[in-house]
Amino acid sequence: MKPVSLKKIDPRTLGVEWEDAHQGVYDTTFLREHCTCAACVDEWTGERKVKTGMLPATVLPVTIDSVGNYGLQIRFSDGHATGIYTYDYLRSLCQCPGCHSRESGNPLLIP
Amino acid sequence: MMQKTDALKEVRHILAVASGKGGVGKSTVAANLALALAKTGAQVGLLDCDIYGPSIPMMLAITERPTVIGEKVVPVEKWGLKILSMGMLATEDTPVIWRGPMVAGILQQFLFQVAWGRLDYLVMDLPPGTGDAQLTLSQIAPLSGAVIVTTPQDVALLDARRGLKMFQQVNVPVLGLVENMSYFVCDQCQKKHAIFKSKGAFRVAKELNLPLLAEIPIDPDVAEGGDSGNPIFISHPESEAALAYEKLARAVTTSLEKNVSEESLHLKW
Ligand SMILES: Nc1ncnc2c1ncn2[C@@H]1O[C@H](COP(=O)(O)OP(=O)(O)OP(=O)(O)O)[C@@H](O)[C@H]1O
Ligand SMILES: [Mg+2]
Ligand SMILES: [Zn+2]
Ligand SMILES: [Zn+2]
Numbered sequence: 001m002k003p004v005s006l007k008k009i010d011p012r013t014l015g016v017e018w019e020d021a022h023q024g025v026y027d028t029t030f031l032r033e034h035c036t037c038a039a040c041v042d043e044w045t046g047e048r049k050v051k052t053g054m055l056p057a058t059v060l061p062v063t064i065d066s067v068g069n070y071g072l073q074i075r076f077s078d079g080h081a082t083g084i085y086t087y088d089y090l091r092s093l094c095q096c097p098g099c100h101s102r103e104s105g106n107p108l109l110i111p
Numbered sequence: 112m113m114q115k116t117d118a119l120k121e122v123r124h125i126l127a128v129a130s131g132k133g134g135v136g137k138s139t140v141a142a143n144l145a146l147a148l149a150k151t152g153a154q155v156g157l158l159d160c161d162i163y164g165p166s167i168p169m170m171l172a173i174t175e176r177p178t179v180i181g182e183k184v185v186p187v188e189k190w191g192l193k194i195l196s197m198g199m200l201a202t203e204d205t206p207v208i209w210r211g212p213m214v215a216g217i218l219q220q221f222l223f224q225v226a227w228g229r230l231d232y233l234v235m236d237l238p239p240g241t242g243d244a245q246l247t248l249s250q251i252a253p254l255s256g257a258v259i260v261t262t263p264q265d266v267a268l269l270d271a272r273r274g275l276k277m278f279q280q281v282n283v284p285v286l287g288l289v290e291n292m293s294y295f296v297c298d299q300c301q302k303k304h305a306i307f308k309s310k311g312a313f314r315v316a317k318e319l320n321l322p323l324l325a326e327i328p329i330d331p332d333v334a335e336g337g338d339s340g341n342p343i344f345i346s347h348p349e350s351e352a353a354l355a356y357e358k359l360a361r362a363v364t365t366s367l368e369k370n371v372s373e374e375s376l377h378l379k380w
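The listed protein sequences derive, respectively, from chains A and B. Position 44 of the first sequence, counted from 1, bears residue number 44 in my numbering, the numbering being contiguous throughout. For my numbering, count along the second sequence from 1 and bump the result up by 111.
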């Protein structure tokens, strides 16, 4: 499953339209808090180094680009850009009402 | 703060050369493939991330160390390639023994704090195997694709399967298999002879629904080139092996260009 377009819904919300026409919705801070890069997640313990609520609300995306044909790279305003959100992972993070109500919270591939 | 991705902004494709198993000729393929890509007129970088046994400096007879300008490491240039290796950071009295977490950190620096400049292809020689270290590297580097090097032996093929699985896990397209030490050309009769069970990689490629990108013959000049720092692609450009690397370069280029033509996404916030 791949996204076909990206849009800025509001200053903190990313919209992703998928191949199957699903309209994904993502809070950008939530995305950052779910970054899986080595700077954010301890490689061995799996412990998250950036905890929920630690990130200032002023940190927002600067640019979002596709990488290869498998994921999105988000460059944030604090310079953090190592996170790549694979399409499968991104889809699993969807916060739209439809995805969100199915379970409380989303099944995360990587904690 | 420096934008980390700036270093890779002008790099069009990062290609990983991987193998499930050590000693199958991965580094030899990576080096000669990089040279073959450069011969097509492309700008090519070669990044040796084999932390356990970085062999690129020896294979290409590089004794220089990379320089640092400002915040960025400048790769060593040779034979038209921009080259950086873990091995360039080690000296005889500081052996390279990196621990896992350091590997990720060093690779990040190698990718993001290096003055790669404009490159069409950055070829990455991954450490052998398909463990956590390889998985991490495949996640950190924004890879456009990977090739898996194997030999015709059954165990190497089994490992290749594992390699494919690993890349699938991180959604990196595997462009295909490369069978190394596939056959030898007989001095006497000039015919191709299989050494191990023939057509092994061919069958596995079919089974895994992957293209077999090239079959590289076993050739003493390949090994000799690696030991002397004079790669076969340079020393014997007309050899069967060199032609096989050229074929590989063509296959890789075609496959990577096909992948980009799928629309890429961009959003400025
Ligand atoms: N086609 C070939 N014909 C003859 N010798 C070869 C060929 N390919 C590789 N070799 C030789 O086999 C040995 C192993 O090759 P190489 O170092 O490239 O393997 P590798 O997979 O990178 O190994 P490692 O797992 O140690 O990184 C080297 O001595 C090399 O010169
Ligand atoms: Mg090697
Ligand atoms: Zn991160
Ligand atoms: Zn949804």
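Yeah, the Cβ is synthetic: ideal placement off N, Cα and C, and Gly gets one too.
Nearest to residue i (by Cα), restricted to the options the options
| i | options | result |
| --- | --- | --- |
| A:D78 | A:K2, A:Y89, A:P61 and A:D65 | A:P61 |
| B:D330 | B:A252, B:F344 and B:I194 | B:F344 |
| A:S5 | A:Y87, A:H100, A:R12 and A:G98 | A:Y87 |
| B:A316 | B:D270, B:R229 and B:E175 | B:D270 |
| A:E47 | A:T36, A:M54 and A:V16 | A:T36 |
| A:D31 | A:D20, A:K7 and A:L14 | The amino acid occupying residue 31 of chain A in the given sequence is Leu; Asp does not appear at that position. Answer by Cα proximity: A:L14. |
| B:A142 | B:A362, B:I217, B:E368 and B:V333 | B:V333 |
| B:Q280 | B:G311, B:L288, B:H304 and B:L246 | B:L246 |
| A:W44 | B:A244, B:A172 and B:L254 | B:A244 |
| A:T82 | A:Y26, A:N69, A:I64 and A:G98 | A:I64 |
| A:A38 | B:T139, B:L146 and B:L248 | B:L248 |
| B:G216 | A:E33, A:C40 and A:G24 | A:C40 |
| B:P322 | B:G136, B:G287 and B:D338 | B:G287 |
| B:I251 | B:E175, B:F223 and B:K120 | B:F223 |
| B:E182 | B:K150, B:L144, B:V225 and B:L148 | B:V225 |
| A:H122 | A:V16, A:Y85 and A:K2 | With chain A covering 1 to 111 only, the question about residue 122 of chain A has no answer from this structure. |
| B:K137 | B:V179, B:G240 and B:S366 | B:G240 |
| A:M1 | A:P11, A:H22 and A:K8 | A:H22 |
| B:A172 | B:C297, B:A267, B:E188 and B:L254 | B:E188 |
| B:Q264 | B:R314, B:K150 and B:A149 | B:R314 |
| B:Q301 | B:E351, B:M277, B:D338 and B:N282 | B:E351 |
| B:V283 | A:V67, A:C99 and A:C94 | A:V67 |
| B:L237 | B:F221, B:L376 and B:D159 | B:D159 |
| B:K150 | B:E357, B:E175 and B:E368 | B:E357 |
DSSP bridge partner residues for residue i (one or two, in chain order)
| i | result |
| --- | --- |
| B:K138 | The question names Lys, but residue 138 of chain B in the sequence shown is Ser. In the DSSP output, where bridge partners are listed per residue, B:S138 has none listed. |
| B:K193 | B:G156 and B:E188 |
| B:H377 | A:D65 |
| A:P3 | A:W18 |
| B:M277 | Beta-bridge pairing links B:M277 to no other residue. |
| A:Y85 | A:L72 |
| B:G256 | B:L126 |
| B:I180 | B:K183 |
| B:T261 | B:E290 |
Residue i CB to nearest heavy atom of ligand 4 below 8 Å
| i | result |
| --- | --- |
| A:Q73 | no |
Near ligand 3: residue i beta-carbon under 8 Å from a heavy atom
| i | result |
| --- | --- |
| A:A39 | yes |
| B:H304 | no |
| A:V50 | yes |
| B:T247 | no |
| B:H377 | no |
| A:G46 | no |
| B:G156 | no |
| A:T36 | yes |
| A:G79 | no |
| B:G216 | no |
| A:T13 | no |
| A:G83 | yes |
Proximity test, residue i beta-carbon vs ligand 1 heavy atom, cut-off 8 Å
| i | result |
| --- | --- |
| B:P168 | no |
| B:A334 | yes |
| B:P348 | no |
| B:V185 | no |
| B:D338 | yes |
| B:V266 | no |
| B:P328 | yes |
| B:M292 | yes |
| B:P263 | no |
| B:L133 | First, the residue type needs correcting, since residue 133 of chain B is Gly and not Leu in the sequence shown. Yes; taking the cut-off as 8 Å, the Cβ of B:G133 has a heavy atom of ligand 1 nearer than that. |
| B:V260 | yes |
| B:V234 | no |
| B:S366 | no |
Ligand 5 heavy atom lying under 8 Å from the CB of residue i
| i | result |
| --- | --- |
| B:C297 | Absent from the structure shown: ligand 5. Ligands present: ligand 1, ligand 2, ligand 3 and ligand 4. |
Residues with a Cβ closer than 7 Å to any heavy atom of ligand 2, in chain order? B:K137, B:S138, B:D161, B:G164, B:S166, B:D236 and B:P239
With a threshold of 8 Å, are at least 3 pairs of Cβ atoms found where one atom belongs to the region 119 to 129 of chain B and the other to the region 253 to 265 of chain B? yes
Which residues end up in the neighbourhood of ligand 4 when you take C-beta atoms closer than 6 Å to any of its heavy atoms? A:H22, A:G24, A:C94, A:C96, A:G98 and A:C99
Are the region 152 to 162 of chain B and the region 318 to 334 of chain B touching, with three or more C-beta to C-beta distances below 8 Å? no
The region 160 to 171 of chain B contacting the region 285 to 303 of chain B, beta-carbon criterion three pairs below 8 Å: no
Is the region 225 to 234 of chain B in contact with the region 188 to 196 of chain B, if contact means three or more CB pairs nearer than 8 Å? yes
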